[in-house]
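Participant:
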Amino acid sequence: MPALPADVEAFTGMMAQLLKEAGLAQDIDADDPEQLEAIPQDYLMDSLVVMRRVGLDPAETACLSAVYLGMNQARVLAEGAADVAAWPGDYAALAEAGRKRLAQGRLEPLFLLFETALGEQMALRRRTMN
-1 MPALPADVEA FTGMMAQLLK EAGLAQDIDA DDPEQLEAIP QDYLMDSLVV MRRVGLDPAE
59 TACLSAVYLG MNQARVLAEG AADVAAWPGD YAALAEAGRK RLAQGRLEPL FLLFETALGE
119 QMALRRRTMN
């Protein structure tokens, strides 16, 4: 498998760490993005597109993505591919792990920016798929 770009590695590594901290995946390998399969791949790709388009830090983007996922679990899973296995619990702990990692003064403005750009990206992806 070819090496991932550094920003993607940083994003997936932080997401794996957040899954561990949230108690949702104990044995996940942060160096193997395939182990993030419980999160819909479309959502992860949308998050990466937003990260690059807006110019966000990869680790902060993973935290923002975790917070969004925790707050909007039903929406993200409903938009995910049908072959994504159902999550065994809820993502609330993942959102909390993401919040703890972000400096409080940065959380609100960054989250608003991320949420807006992510909504636009999800809508764009749906339009291009139809």
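In terms of my numbering, the sequence shown opens at residue -1 and continues consecutively.
Even glycine gets a Cβ: it sits at the ideal position worked out from N, Cα and C.
Less than 8 Å between the C-beta atoms of Leu110 and Arg97, yes or no?
Facilitator: no
Participant: Starting from Leu46 and walking both ways along the alpha helix (DSSP H), at which residues does that stretch end?
Facilitator: 39 to 52
Participant: Taking only the alpha-carbon atoms, compute the straight-line gap between Val74 and Asp40 and give it to the nearest angstrom.
Facilitator: 9 Å
Participant: Kindly list the residues whose CB is nearer than 8 Å to the CB of Met13, restricted to its own chain and excluding five residues on each side of it in sequence; keep chain order.
Facilitator: For Met13, where only same-chain residues beyond five positions count, the Cβ hits under 8 Å are Leu34, Ile37, Leu42, Ala60, Ser63, Ala64.
Participant: With distances taken Cα to Cα, identify the nearest neighbour of Lys18 among Ala93, Val52, Val6, Leu100.
Facilitator: Ala93
Participant: Could you name each continuous alpha helix (DSSP H) segment of 4 residues or more that falls completely within the stretch 94 to 127, going from the start of the chain to the end?
Facilitator: 102 to 127
Participant: Hey, could you find the ends of the alpha helix (DSSP H) Pro56 is sitting in?
Facilitator: 56 to 69
Participant: Would you kindly work out how many angstroms separate the C-alpha atoms of Leu46 and Glu118, rounded to a whole number?
Facilitator: 13 Å
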